[in-house]
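Participant:
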Amino acid sequence: MANSEKSWEKRLSGEIDELAVEFVESLSYDRRLYKVDIAGSIAHAQMLADQGLITKAEYGQIKKALFEIGDEIAAGTFEFNKIHEDIHMAVEDALIRKIGDIGKKLHTGRSRNDQVATDIRLWMRDEIELMQARITLLQKALVKLADQYKTDIMPAYTHLQRAQPIVIGAYLLSFVEQFERDWRRLKNCRDLLNVSPLGSGAVAGSTLPLDREATAALLGFAGITYNSIDAVADRDFCAEFIFVCSLIATHLSRLAEDWILYCSNEFGFITIDDKYCTSSSMMPQKRNPDMLELIRGKTGSVYGALIAILTILKAQPSTYNRDLQEDKIHVFKAADTVDLSLDMAAAIVHGTRFNTTRIAAGMDRGFLDATALAEYLVRKGVPFREAHGIVGSLVAQCEKEDIRLVELTLEQFQVACNRIEADIVEILDPGKVVTQYKAEGAAGPVQTAEQVAYWTRKLSER
Ligand code: ARG
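Spelled out as C-alpha cells, the structure:
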C-alpha cells in the first residue's frame, strides 16, 4: 500500500507491515461509532467556523461531505480500509478525498485522543437510554405477571429451604426492585459521563482559541471536562458502565436460575412457553429451558468484560496510551450481551405462567406457618425467644407423627404452651398466614396489590 494513503504519518518511513496493520486496527469494531464521530466532527467544524479558524463556506462543505459519508456508511456502500486504523481516520480520509484541502482543516485543534473520548461518551449516552428502555419493558412484563398472581401463594426459600409463605406477585416484584436499581445506576452513570472532553486535544489542549462550551452545547453535553490531561485518559465511565451491566447480568442470572429450578419436574412451579424451550436430540420427552440457561451463561462474558476493562486501565501511565483502544471491545461486548439478555428475559416473562394449583397443593410441606405460630405466641405475651423454642419443639413433634402443625389438637398445643387458645386455627395454614402480614413491604396480598398499582403507574410514565 502506498505511503500516501497515510498522509498523517509523514514522520515515519512509510513502510507497511501487514501484520502491524491488522494488529493496530480498531476499524473492525469501532465503525459502529460512525454516527457519533460525524456528529462530533460537525460540531467541531461549526465551532471552528464561529471562531474564525475556518470560513463559513468551508464549514458548509465539510458538513455536507460528512453527511454524505454518514449516508454511505449507513447504506453499506462506504469502503472501509484497515489501513486507516480506526473510524476517525476512515471518515477523515473520505472527507479529504471528497473535498480536498478543505477537508484537511477539520482536524484543527483536535486529536484522536479527545475525539475518541468524545465519541465513546456520545455513543454510551444513547446506549444507556436504549438499555434503560429495555429494563423498563422487562419490568413491565414482570409487573403484568405479578398482577395476575396477587393472591396466589408460593413458598419463599432461604438457603433453598422452605421458609415462609409469600404471594407469587410479591416474588415477581422482587425482581422489579432489582432492575429499578439498575435503571437508576444507568442514569447516574449517564449523568456522570455527560461532559465534553472535546478541545482537550492530545493531552494539553490547544493554543488555538477553541470554544469548548460551544461544542459541548452543540452535542448536548451538560458541561465540559476541566482538565485536558485527565480528559484524554479517563475511561472511568467505561468501567462503571460495564459494572452496571454486570449487575444487570447478575440479576438476570438469578431470575434465570430460579426459573430453571421452578420449571423442573421437582418444583413444577412454572411453565415456560414452548417457544423458549428446546428439545433434546436424543431424549424425545425433553423440554429444556435453554434460553434461561444462556441468560445465566452469558453473565460470564459480561463479568469477563469488567475484569478486562479494569485490567486495561490498571497502572497505565499518564495519559493516553494505545491500550485504551481495547476499551471499546469490552464496552460493546457488555452492552450487546446485556441488551440481548434483557430482551430475551422480557419475552420469557411474557410467556410464563405459574402452576398455582400444583404450588398450592405442595404448600403443606415444610412448616411454612411455623414463624406465624411463633408470632401468634408473641401476641399472647410469650417472649419471642421462648416462642421460637416452643414452636421448634412442636415442629419436631409433627415431624415424628408426620402431620402438619394445623393437625395438632388444641390439647397438644396447650401442653406445649398454656397461652394457646382455640383461635389458633385462624392463623395456621400458609394461605391464612400471607393475609396476616402487616409490615409495609411484606409479601402478602395487600402489599402486593398496592405495589402492583405503584409500579404500573410509575412505569407507565417512562
Ligand atoms: N483508535 C484509537 C482508540 O480507540 C483512537 C485514538 C488514537 N490515538 C492515538 N494517539 N494513536 O483509542
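Once you know that position 402 of the sequence shown is 1596 in this note's numbering, the rest is easy, because the numbers rise by one and skip nothing. All C-beta atoms in this analysis are idealised placements derived from N, C-alpha and C, irrespective of residue type, glycine included. Just so it is clear, the structure is predicted and the values come from calculations on it, not from any experiment.
(1) Grouping DSSP H, G and I as helix and E and B as strand, with all else coil, what is Gly1417?
(2) Mind reading off the beta-carbon distance from Ala1661 to Val1627? Whole number of angstroms is fine, and I expect it under 8 Å.
(3) Between Met1195 and Gln1255, what straight-line distance do the alpha-carbon atoms span, to the nearest angstrom?
(4) Give a yes or no on whether the C-beta atoms belonging to Phe1607 and Ala1529 are separated by under 9 Å.
(5) Does the contact criterion of 3 or more C-beta pairs under 8 Å hold for the region 1295-1314 versus the region 1233-1245?
(6) With Phe1274 and Arg1225 assumed to form a contact (beta carbons below 8 Å), what rounded beta-carbon distance in angstroms separates them?
(7) Give a yes or no on whether the C-beta atoms belonging to Lys1200 and Ile1277 are separated by under 9 Å.
(8) Tell me, to the nearest whole angstrom, how far the beta carbon of Val1532 is from that of Ile1442; I am working on the premise that it is less than 8 Å.
(9) Does the structure place the region 1530-1550 close enough to the region 1330-1349 that three or more beta carbon pairs sit under 8 Å?
(10) What separation, rounded to the nearest whole angstrom, lies between the Cα atoms of Glu1203 and Leu1332?
(11) Would you check if the distance between the CB atom of Leu1446 and the CB atom of Leu1536 is smaller than 9 Å?
(12) Excluding sequence positions up to five away, which residues of its chain have a Cβ less than 6 Å from the Cβ of Ala1350?
(13) Are at least three pairs of beta-carbons, each pair with one atom in the region 1496-1515 and one in the region 1449-1464, less than 8 Å apart?
(14) Go ahead and pull the three-state DSSP assignment for Asp1477.
(15) Go through its chain and collect everything with a Cβ distance to Gln1309's Cβ below 6 Å, but skip five positions before and after it.
(16) Relative to the alpha-carbon of Asp1346, which residue among Thr1642, Phe1578, Gly1208 and Thr1444 has its alpha-carbon at the smallest distance?
(17) Find the nearest neighbour of Arg1379 within the set Phe1437, Lys1334 and His1524, judged by alpha-carbon distance.
(18) Look at Gln1630 and Ala1364 and say whether their C-beta atoms are less than 9 Å apart.
(19) With a threshold of 8 Å (Cβ to nearest heavy atom), would Tyr1228 be considered close to the ligand ARG?
(20) Using only the alpha-carbon positions, how far apart do Arg1205 and Leu1402 sit?
(21) State the CB to CB distance for the pair Ile1248 and Lys1299, rounded to an integer number of angstroms; the pair is presumed to be in contact (CB under 8 Å).
(22) Check whether the region 1392-1408 and the region 1467-1474 touch, using three or more Cβ-Cβ pairs below 8 Å as the test.
(23) Quick check: the region 1322-1330 against the region 1590-1603, are at least 3 beta-carbon pairs closer than 8 Å?
(24) Only counting the same chain, and skipping five residues up and downstream in sequence, which positions put a Cβ closer than 6 Å to that of Ala1335?
(25) List the DSSP bridge partners of Pro1391.
(26) So, helix, strand or coil for Thr1650, using DSSP?
(27) For the candidate residues Trp1377, Ile1423 and Asp1320, whose alpha-carbon lies nearest to that of Gly1414?
(28) DSSP puts Val1361 in a beta bridge; with which residues?
(29) Quick one: is the Cβ of Leu1518 within less than 8 Å of any heavy atom of the ligand ARG?
(30) Leu1588 and Leu1622 look like a contact to me (Cβ under 8 Å); what is the Cβ gap, rounded to whole Å?
(31) Confirm the yes/no value for this check: CB of Val1310, any heavy atom of the ligand ARG, distance under 8 Å.
(32) CB of His1301 to nearest heavy atom of the ligand ARG: below 8 Å?
(33) Under the three-state reduction of DSSP, which class applies to Asn1482: helix, strand or coil?
(34) Identify which residue in Ala1566, Trp1377 and Pro1624 has its Cα closest to the Cα of Cys1439.
(35) According to DSSP, is Thr1513 helix, strand or coil?
(36) Given 8 Å as the limit, tell me if Ser1220 has its C-beta closer than that to any heavy atom belonging to the ligand ARG.
Facilitator: So, to answer that:
(1) Taking the sequence shown and counting its residues from 1, one reaches residue 1417 at position 223. The answer is strand: DSSP assigns Gly1417 an E or B state.
(2) Within the shown structure, residues of the chain are numbered from 1195 to 1656, placing residue 1661 beyond reach of any answer.
(3) Residue numbering aside, residue 1195 sits at position 1 when the sequence shown is read from its first letter. Residue numbering aside, residue 1255 sits at position 61 when the sequence shown is read from its first letter. With a pLDDT of only 41 at Met1195, under the threshold of 50, the placement of this residue in the model should not be trusted; the figure read from the coordinates follows. Taking the straight line from one Cα to the other gives about 29 Å.
(4) Start at 1 with the first residue of the sequence shown, and residue 1607 comes out as number 413. Start at 1 with the first residue of the sequence shown, and residue 1529 comes out as number 335. No, the Cβ-Cβ distance between Phe1607 and Ala1529 is not below 9 Å.
(5) yes
(6) In the sequence shown, residue 1274 corresponds to position 80, counting from 1. In the sequence shown, residue 1225 corresponds to position 31, counting from 1. Correct: roughly 6 Å between the Cβ atoms.
(7) Here the question's residue 1200 lines up with position 6 in the sequence shown. Here the question's residue 1277 lines up with position 83 in the sequence shown. It is a contact, given that the beta carbons lie within the stated cut-off.
(8) The residue labelled residue 1532 in the question sits at position 338 within the sequence shown. The residue labelled residue 1442 in the question sits at position 248 within the sequence shown. That belief holds up - the Cβ atoms of Val1532 and Ile1442 are roughly 5 Å apart, short of 8 Å.
(9) yes
(10) The sequence position of residue 1203 within the sequence shown is 9, counting from 1. The sequence position of residue 1332 within the sequence shown is 138, counting from 1. Distance between the alpha carbons of Glu1203 and Leu1332: 49 Å.
(11) For the purposes of this step, residue 1446 is identified with residue 252 of the sequence shown, where counting begins at 1. For the purposes of this step, residue 1536 is identified with residue 342 of the sequence shown, where counting begins at 1. Yes, these two residues count as a Cβ contact at 9 Å.
(12) Locating residue 1350 in the sequence shown gives position 156, where the first residue counts as 1. Ala1357, Gln1358 and Ile1360.
(13) no
(14) Within the sequence shown, the letter at position 283 stands for residue 1477. A small fix is needed here, since residue 1477 is Met in this sequence, not Asp. Three-state DSSP puts Met1477 in coil, outside helix and strand.
(15) As a working mapping, residue 1309 is identified with position 115 in the sequence shown. Closer than 6 Å at the Cβ level, and outside the excluded window around Gln1309, lie His1282.
(16) In the sequence shown, the residue the question calls residue 1346 occupies position 152. The option with the nearest alpha carbon to Asp1346 is Thr1642.
(17) Against the sequence shown, residue 1379 aligns to sequence position 185. Arg1379 has its Cα closest to that of Phe1437, out of Phe1437, Lys1334 and His1524.
(18) One-based indexing of the sequence shown puts residue 1630 at position 436. One-based indexing of the sequence shown puts residue 1364 at position 170. Contact flag unset, no.
(19) To locate residue 1228, count along the sequence shown from 1; it is residue 34. Not so, every heavy atom of the ligand ARG lies at least 8 Å from the Cβ.
(20) Numbered from 1 along the sequence shown, position 11 holds the residue referred to as residue 1205. Numbered from 1 along the sequence shown, position 208 holds the residue referred to as residue 1402. Between Arg1205 and Leu1402, the C-alpha separation is close to 23 Å.
(21) The count along the sequence shown starts at 1 and reaches residue 1248 at position 54. The count along the sequence shown starts at 1 and reaches residue 1299 at position 105. Yes, they are in contact, since the Cβ atoms of Ile1248 and Lys1299 sit about 5 Å apart, within 8 Å.
(22) no
(23) no
(24) Translated into positions along the sequence shown, residue 1335 becomes position 141. Once the five neighbours on either side are set aside, the close Cβ partners of Ala1335 are Ala1540, Val1543 and His1544.
(25) For the purposes of this step, residue 1391 is identified with residue 197 of the sequence shown, where counting begins at 1. Pro1391 pairs with nothing; no bridge assigned.
(26) As a working note, residue 1650 is residue 456 in the sequence shown. Looking at Thr1650 - three-state DSSP - the assignment turns out to be helix.
(27) By 1-based counting over the sequence shown, the position of residue 1414 is 220. Ranking the options by Cα distance to Gly1414, first place goes to Asp1320.
(28) Locating residue 1361 in the sequence shown gives position 167, counting from the first residue. Bridge partners of Val1361: Ile1347.
(29) Looking up residue 1518 in the sequence shown gives position 324. Leu1518 Cβ: within cutoff of the ligand ARG.
(30) Locating residue 1588 in the sequence shown gives position 394, counting from the first residue. Locating residue 1622 in the sequence shown gives position 428, counting from the first residue. About 11 Å; that fails the 8 Å criterion.
(31) Position 116 of the sequence shown, counted from the first residue, corresponds to residue 1310. Yes; taking the cut-off as 8 Å, the Cβ of Val1310 has a heavy atom of the ligand ARG nearer than that.
(32) Counted from its first residue, the sequence shown places residue 1301 at position 107. No, the Cβ of His1301 stays beyond 8 Å of every heavy atom of the ligand ARG.
(33) Numbered from its first residue, the sequence shown carries residue 1482 at position 288. Strand at Asn1482.
(34) Position 245 of the sequence shown, counting from 1, holds the residue named residue 1439. Ranking the options by Cα distance to Cys1439, first place goes to Trp1377.
(35) As a first step, residue 1513 is located in the sequence shown; it is residue number 319 there, counting from the start. Looking at Thr1513 - three-state DSSP - the assignment turns out to be coil, as it is neither helix nor strand.
(36) As a position in the sequence shown, residue 1220 is number 26, starting the count at 1. Within the cutoff, so yes.
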